[in-house]
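Before any comments, here is the structure.
Numbering (this note's numbering), first residue to last: 14 to 141.
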């Protein structure tokens with residue numbers, strides 16, 4: 014798989030997330046996906062994302078940096094949103110926060126099978 018293909022696949026995945034097009038998530042995420050080292054499967058991954066959108070109704074994934082080195086993708090995502098209630102254990106309660114996520118993917122058979130995510134929680138804490 015070439016890096017151009019992975020870039021297109023990844024951008025399609027982000028568009029799928031932003032549309033909350035859960036019926037097409039399996040085009041991008043492997044049935045046996047692992048998230049931060051734990052097997053969650055496609056259904057668990059979908060549940061996690063649906064929960065994110067419930068907690069953050071205006072959630073929108075913005076790609077700030079994208080590096081593709083098959084079979085891996087590294088991305089820095091930027092968020093500017095108003096989570097309702099608590100976010101990562103912090104009482105955000107509708108306040109606007111901006112933060113980033115560094116996320117790494119390993120693709121297998123054209124879909125992400127391993128996902129490792131690090132969210133800049135310190136950036137959120139400094140805004141509260």
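We put the beta carbon where it would ideally sit given N, CA and C, even for glycine.
Keep in mind it's a predicted model, so treat the numbers as computed, not measured.
Distance, residue 128 Cα to residue 136 Cα: 22 Å
Spatial neighbours of residue 47 in its chain, beta-carbon cut-off 8 Å, leaving aside the 5 residues before and after: 53, 126, 127, 128
Entirely enclosed beta strand (DSSP E) segments - the region 105-134, minimum 3 residues: 110-121, 124-132
Whole runs of the beta strand (DSSP E) within the region 23-55, excluding any shorter than 3 residues: 42-48
Beta-carbon gap between residue 90 and residue 80 smaller than 8 Å: no
Spatially closest choice to residue 120 from 32, 33, 40, by CA coordinates: 40
Whole-angstrom distance between residue 82 and residue 101, CA atom to CA atom: 31 Å
Minimum C-alpha distance to residue 122 - residue among 44, 60, 28: 44
Straight-line gap, residue 94 to residue 105 (C-alpha atoms, nearest Å): 10 Å
8 Å contact criterion, which residue 72 and residue 59 should meet: CB distance rounded: Not really, about 15 Å apart at Cβ, beyond 8 Å.
Rounded C-alpha distance that separates residue 96 from residue 33: 17 Å
Neighbour-count burial assignment, residue 109, 16 or more Cβ in a 10 Å radius: exposed
For residue 138, the nearest candidate out of 63, 99, 78, 19 (CA to CA): 99
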